[in-house]
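Position 78 of the sequence shown, counted from 1, bears residue number 78 in this note's numbering, the numbering being contiguous throughout.
For glycine and all other residues, C-beta sits at the position ideal for the given N, C-alpha and C.
In what follows, a structure is listed as structure tokens, so that the remarks can point back to it.
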Amino acid sequence: TGSGKTEVYLRLTETVLQQGQSVLILVPEIALTPAVASAFREAFGDLVAVQHSGLSEGERYDQWHRIRRGEVSIVVGTRSAVFAAVFSGVLVILGRTPGSPGWAGGCSPMSRTGSPGTSRRGARARPTSGTCASACSGA
């Protein structure tokens, strides 16, 4: 939308990476993933992995293993990316499409940020420590 959200997200990500932590960027739909991943790859190169159901089985496997081995610090994907083998993430960025009421049936994503963490604990994800912050876009 030209509002500068991506630049804000890139700066937040840079700050988190400088602290040795990781970032999960959740996009509202698969179609938006390439553009978001491209912006982050341009800034952070091979530190970025992509996870969503539109990838082939082999692509998902490769990305999952890159994440699991700690080769990446940034994961971009749809909500299912929450179940990737993400490390000690301290920043979760939730994006929305312009004009959409938000995820979860119109609920504000800010009020739902605890759900992904709870779901991940049940999915045998590695335990995380510290505080997890979230950033949420408007339109």
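Sequence-distant residues of its chain with Cβ nearer than 8 Å to residue i (five each side left out)
| i | result |
| --- | --- |
| Gly-122 | Reliability fails at Gly-122, whose pLDDT of 43 lies under 50, so the model's placement of it is uncertain and the value that follows must be treated cautiously. Closer than 8 Å at the Cβ level, and outside the excluded window around Gly-122, lies no residue. |
| Val-36 | Thr-6, Ile-25, Val-27, Val-76 and Gly-95 |
Nearest-angstrom beta carbon gap, residue j and residue i [assumed within contact, 8 Å]
| i | j | result |
| --- | --- | --- |
| Leu-10 | Ser-73 | Not really, about 13 Å apart at Cβ, beyond 8 Å. |
| Leu-94 | Val-23 | At roughly 12 Å, the Cβ-Cβ gap does not stay under 8 Å, so Leu-94 and Val-23 are not in contact. |
Bounding residues of the alpha helix (DSSP H) (the contiguous stretch that carries residue i)
| i | result |
| --- | --- |
| Ile-67 | 57-68 |
| Leu-32 | No alpha helix (DSSP H) holds Leu-32; DSSP gives it neither H nor E. |
| Val-16 | 5-18 |
Among the options, the one whose alpha carbon lies nearest that of residue i
| i | options | result |
| --- | --- | --- |
| Arg-68 | Gln-51, Glu-29, Gly-45 and Thr-78 | Gln-51 |
| Pro-28 | Asp-46, Val-8, Ser-53 and Gly-45 | Ser-53 |
| Gly-20 | Gly-77, Val-76 and Glu-71 | Glu-71 |
| Arg-79 | Trp-64, Ile-25 and Glu-42 | Ile-25 |
| Leu-32 | Gly-77, Ala-84, Ile-93 and Leu-91 | Gly-77 |
| Glu-14 | Pro-34, Ala-35, Arg-66 and Ala-43 | Ala-43 |
Bridge-paired residues (DSSP) for residue i
| i | result |
| --- | --- |
| Val-48 | Ile-74 |
6 Å Cβ shell around residue i - same chain, five flanking residues per side excluded
| i | result |
| --- | --- |
| Ala-39 | Thr-6 |
| Ala-81 | Gln-51 and Val-75 |
Residues near residue i in its chain [Cβ-Cβ closer than 7 Å; skip 5 each side]
| i | result |
| --- | --- |
| Leu-47 | Val-72, Ser-73 and Ile-74 |
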